[in-house]
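**Q** Below you will find the structure I want to go over with you.
Printed below as a string of structure tokens:
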């Protein structure tokens with residue numbers, strides 16, 4: 001038996017581990033005596049107390065039995081009980097995590113941005129979708145609110161909160177929805193979640209027993225598809241045109257759950273028309289279906305007024321409304337919410353308790369104060385201005401570099417979709433090549449979106465512009481110009497090289 | 498049309514809402530003209546601009562179309578599209594949440610304690626299970642660490658983190674497990690969760706495709722049962738005796754998932770013997786099953802050494818290990834973790850991304866520092882001393898008041914189970930009556946536990962002692978003495994009234 005003096009594991013634990021190992025692999029059999037502690041301590045050059053404590057633990061765990069003056073002997077346990085354990089492969093030691101770049105292979109995981117918070121392995125200019133502006137984050141205010149809340153009773157930190165969310169926050173969200181989205185919902189309809197995915201999970205778990213078919217938009221949001229794909233229910237992908245989801249193509253059978261993004265369809269950015277909205281609600285009623293309305297970036301609308309959410313038109317019967325603070329405050333805060341139809345409020349709260357027993361208190365408390373004290377309204381106005389300017393700069397830069405090309409989704413939100421010049425390589429190739437230049441642009445297929453039609457032309461790039469400065473947007477598009485211009489040979493009229 | 502001047506909803510929104518309402522319910526039909534804005538502004542005594550903005554929104558949303566000099570006319574949308582909407586019941590206005598006591602009816606929701614953080618409607622002396630000591634929370638240190646982290650780049654708050662958890666925290670947890678539980682696991686096997694329920698959900702979601710049967714202990718933890726009950730898989734409840742789960746009674750068919758609490762069985766508190774542990778692992782191998790080991794309060798062991806976790810004996814093949822900081826730091830922090838078998842690390846990380854895209858950054862960052870800087874070790878030692886003293890005081894107080902009665906689960910953890918004196922009313926009745934005296938004690942059936950055997954005698958109370966001061970423990974037991982002594986008439990020998 002040899003010991004490692006520089007190990008994180010104590011000498012006592014190492015002795016315990018080695019002896020246990022010998023018992024489990026049969027080197028020491030039932031009835032055999034252990035080397036006396038005095039002898040072993042000399043052999044190993046450790047204090048006798050160290051050995052005694054290791055032996056005590058072997059006794060306590062039942063591997064070894066004390067036989068009085070006969071000393072310690074290995075317990076007789078039916079040997080086949082050890083088999084499973086003895087045949088196990090040796091565990092490798094503790095090792096630090098690899099800092100591998102998660103999107104190095106071009107398939108980023110869901111909303112997991114190329115740059116996990118604070119890491120430095122992402123591209124210099126990253127148009128990953130849905131990232132809020134770090135340079136606009138109200139850090140001083142946030143810190144001040146955190147300090148104030150952390151001066152309160154630690155009971156908030158040690159006790160469970162209501163699984164549906166902090167009382168103050170649910171009221172603040174209800175008021176925010178009334179002011180900004182014209183929605184009349186009561187606070188008890190609001191379930192606070194850990195962002196959108198948790199909200200989709202909640203609705204799925206809630207409706208699973210009564211739903212027979214799942215429907216998604218195509219192209220659509222991969223986060224929803226990842227969850228829907230895991231269900232044993234049939235999945236129907238319904239096409240999107242210039243007016244949003246083609247509602248007429250929804251299945252006519254009963255008991256569907258349709259995931260939709262009416263405000264700013266993901267990824268195309270088109271808005272579901274009023275006529276389609278009404279048609280969708282009529283469908284839900286006629287087919288006894290439910291609609292999950294993801295209003296993920298509705299806080300930002302640059303042209304025209306936003307449409308009334310489906311949830312408001314429906315009056316809390318068949319529509320679940322999904323909101324998030326990941327775009328308007330930050331994804332690292334991990335707070336979103338679901339507005340639940342009135343009849344399902346109690347079930348939803350119980351389901352959230354079963355799923356995760358609610359969210360962490362501090363973030364909820366800070367956010368509630370942030371909304372109530374008017375900081376959120378101011379922050380939204382500030383972000384609106386910043387995002388709009390970045391959007392404008394991106395459109396101008398793209399037009400300057402490549403001439404006018406079809407763009408969709410520019411009326412609101414945090415991203416737009418740009419059609420590549422004819423003759424350019426397909427989007428997946430450009431994504432890989434651009435990365436070598438330090439530019440992160442994404443084919444929809446790897447930018448958190450999917451297209452059920454595998455033969456759809458791969459001729460579009462998604463630009464999430466919200467987290468890049470105007471200066472960096474210019475630089476990034478210039479780099480793209482060298483890449484795409486050089487390859488396609490044609491850069492359209494109006495291009496200024 | 499009348500407007501509410503004192504409403505949270507703006508006058509402009511009210512006008513928009515009322516006109517939309519009239520269109521949706523058919524009072525205004527397609528082709529009909531709207532009252533000119535000048536006229537309406539006089540009628541309602543509001544500025545003309547207010548009306549114009551409301552009308553603009555009606556146009557933007559498509560309810561109304563501008564016909565030049567003819568003014569605004571209601572859009573002709575197929576009337577049946579409106580039917581679903583028009584028939585909806587009137588939504589009730591925003592109202593604040595009810596502060597109803599969630600356990601007033603004696604059926605508390607899962608781990609949702611009688612007293613949600615900071616609320617004041619719980620009993621004065623509450624023995625609810627699994628609550629950490631608020632008076633021992635290291636608030637100054639926590640605040641200092643929070644401030645330090647909030648002085649860093651806001652990128653952590655605005656970006657997504659690794660869905661499997663913050664790098665620093667996963668390493669810190671791996672080191673903690675090596676030191677305190679003798680476990681050799683790599684940081685990438687650790688998935689940070691929002692507490693235990695989220696961990697159970699993760700494992701269920703991960704194994705659902707390959708598992709054919711679910712097994713739980715009876716009596717057992719209701720949190721697991723709540724989730725298992727929702728699955729379409731058959732559920733087998735296996736009895737617990739003085740050595741823990743009766744492993745021999747586990748189903749012999751292939752592909753099971755068994756939820757077990759080996760360190761301190763919930764609720765009985767018994768420890769699974771070494772022999773049973775090995776038998777359980779052998780069963781898992783033979784039947785190609787998985788074991789979910791919930792080590793929920795193993796940080797606190799007062800008598801004897803803890804046994805090696807199943808996950809360590811199994812060497813990361815068929816055992817998922819579930820840990821939580823809810824008992825050792827606080828439930829309001831909402832951080833737990835799952836140690837995942839090596840072969841399932843990537844799947845687990847992807848599943849966690851789909852479920853909730855990871856946990857909030859700040860709590861993870863504070864906790865990582867708290868562990869790394871040695872505060873957690875000190876805090877555990879402090880809590881260990883406090884909890885042990887509270888446990889001792891409770892046992893002494895119960896013995897003084899009622900004479901020696903059978904107690905289980907007192908060797909570790911945050912709760913013990915006490916058998917009622919013969920002649921006393923059943924536990925559910927005492928729970929209700931005690932509450933009137935300001936004492937929260939719980940029959941297992943309402944204390945987050947269940948017993949599949951509905952005829953099992955209801956003669957035990959669960960005492961979660963960790964959050965009560967010794968003085969309050971004395972007071973509470975004296976109150977119980979008046980209640981139970983008075984009713985049962987017999988209080989055993991050794992009782993000192």
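Chains as they are written, first to last, in the working numbering: chain S, 1 to 497; chain V, 498 to 994.
Glycine residues also receive a C-beta, built at the ideal position from the N, C-alpha and C atoms.
#1: Could you please give the first and the last residue of the uninterrupted alpha helix (DSSP H) stretch that includes residue 865 (chain V)?
#2: With C-beta atoms as the reference, is residue 774 (chain V) less than 8 Å away from residue 807 (chain V)?
#3: Specify whether the stretch 195 to 204 of chain S and the stretch 332 to 342 of chain S touch according to this definition: at least 3 beta carbon pairs, one from each stretch, less than 8 Å apart.
#4: What residues from chain S crowd round residue 515 (chain V), counting only those whose CB sits closer than 7 Å?
#5: Quick one: what does DSSP say residue 606 (chain V) is sitting in, helix, strand or coil?
#6: Hey, is residue 182 (chain S)'s beta-carbon within less than 8 Å of any beta-carbon in chain V?
#7: Kindly indicate if chain S contains any beta-carbon less than 8 Å away from that of residue 573 (chain V).
#8: Between which residues of its own chain and residue 40 (chain S) is the CB-CB distance below 7 Å, once the five residues before and five after are set aside?
#9: Using a beta-carbon distance cut-off of less than 8 Å, what residues from the stretch 540 to 566 of chain V approach chain S?
#10: Measure the C-alpha to C-alpha separation of residue 17 (chain S) and residue 853 (chain V) and round it to an integer number of angstroms.
#11: What does a CB cutoff of less than 7 Å around residue 969 (chain V) pick up in its chain, not counting 5 residues either side in sequence?
#12: Tell me the DSSP secondary structure of residue 889 (chain V) in three-state form.
#13: Checking contacts by CB at 8 Å: is residue 271 (chain S) closer than that to chain V?
#14: My output table needs one value for residue 800 (chain V): the three-state DSSP class, helix, strand or coil.
#15: Going by DSSP, what residue range makes up the beta strand (DSSP E) through residue 66 (chain S)?
#16: Using a cut-off of 7 Å between C-beta atoms, extract the partners of residue 215 (chain S) located in chain V.
#17: Should the stretch 43 to 61 of chain S be called in touch with the stretch 738 to 753 of chain V, which here means at least 3 C-beta pairs below 8 Å?
#18: List, in order along the chain, the chain V residues whose C-beta lies closer than 7 Å to that of residue 197 (chain S)?
#19: Does the stretch 465 to 483 of chain S come within contact of the stretch 421 to 440 of chain S, defined as at least 3 CB pairs closer than 8 Å?
#20: Would you kindly work out how many angstroms separate the C-alpha atoms of residue 151 (chain S) and residue 665 (chain V), rounded to a whole number?
#21: Which class does residue 213 (chain S) belong to by DSSP, given the choice of helix, strand or coil?
#22: Going by C-alpha distance, which of S:218, S:10, S:166, S:33 is nearest residue 449 (chain S)?
#23: Name, please, each residue of chain V whose Cβ falls closer than 7 Å to the Cβ of residue 331 (chain S).
#24: According to DSSP, is residue 418 (chain S) part of a helix, a strand, or is it coil?
#25: Please report whether the beta-carbon of residue 137 (chain S) lies at a distance below 8 Å from any beta-carbon of chain V.
#26: Please report the distance separating the alpha-carbon of residue 783 (chain V) from that of residue 33 (chain S).
#27: Who are the near neighbours of residue 801 (chain V) in its chain, counting only those whose CB is closer than 8 Å to its CB and skipping five residues on each side?
#28: Is residue 778 (chain V) near residue 811 (chain V), with beta carbons less than 8 Å apart?
#29: Strictly under 8 Å for the Cβ-Cβ distance: is residue 804 (chain V) near chain S by that measure?
#30: Which one or two residues does DSSP pair with residue 946 (chain V) in a beta bridge?
#31: Flag residue 631 (chain V) as yes if its beta-carbon sits less than 8 Å from any beta-carbon of chain S, otherwise no.
#32: Relative to the alpha-carbon of residue 687 (chain V), which residue among V:662, V:921, V:732, V:893 has its alpha-carbon at the smallest distance?
#33: Here's a check: name, in chain order, each residue in its chain whose Cβ is nearer than 6 Å to the Cβ of residue 221 (chain S), leaving out the five neighbours to either side.
#34: Is the beta carbon of residue 331 (chain S) less than 8 Å from the beta carbon of residue 466 (chain S)?
#35: Reducing DSSP to helix, strand and coil, say where residue 829 (chain V) ends up.
#36: By Cβ distance, which residues of its chain are closer than 7 Å to residue 533 (chain V), with the 5 residues on each side in sequence left out?
**A** On the basis of the supplied data:
#1: 858 to 869
#2: yes
#3: Judged by Cβ distances under 8 Å, the stretch 195 to 204 of chain S makes contact with the stretch 332 to 342 of chain S, as three or more pairs qualify.
#4: Those do not exist, as residue 515 (chain V) stays about 12 Å from chain S at its closest Cβ, beyond 7 Å.
#5: Reliability fails at residue 606 (chain V), whose pLDDT of 47 lies under 50, so the model's placement of it is uncertain and no value is given.
#6: yes
#7: no
#8: Excluding sequence positions up to five before and after residue 40 (chain S), its CB lies within less than 7 Å of the CB of 51, all in the same chain and listed in chain order.
#9: 553, 554, 557, 558, 559, 560
#10: 38 Å
#11: Closer than 7 Å at the Cβ level, and outside the excluded window around residue 969 (chain V), lie 622.
#12: helix
#13: no
#14: coil
#15: 64 to 66
#16: Near residue 215 (chain S) there are no residues of chain V at all, since even the closest Cβ is about 17 Å away, more than 7 Å.
#17: no
#18: By Cβ distance, chain V contributes 851, 852, 853, 854.
#19: At 8 Å Cβ cutoff, the stretches touch.
#20: 26 Å
#21: strand
#22: S:218
#23: 655, 656, 657
#24: strand
#25: It does: the Cβ of residue 137 (chain S) has a partner Cβ on chain V nearer than 8 Å.
#26: 31 Å
#27: Excluding sequence neighbours, residue 801 (chain V) sits near 908.
#28: yes
#29: yes
#30: V:718, per the DSSP bridge assignment.
#31: yes
#32: V:662
#33: 266
#34: no
#35: Helix.
#36: 568
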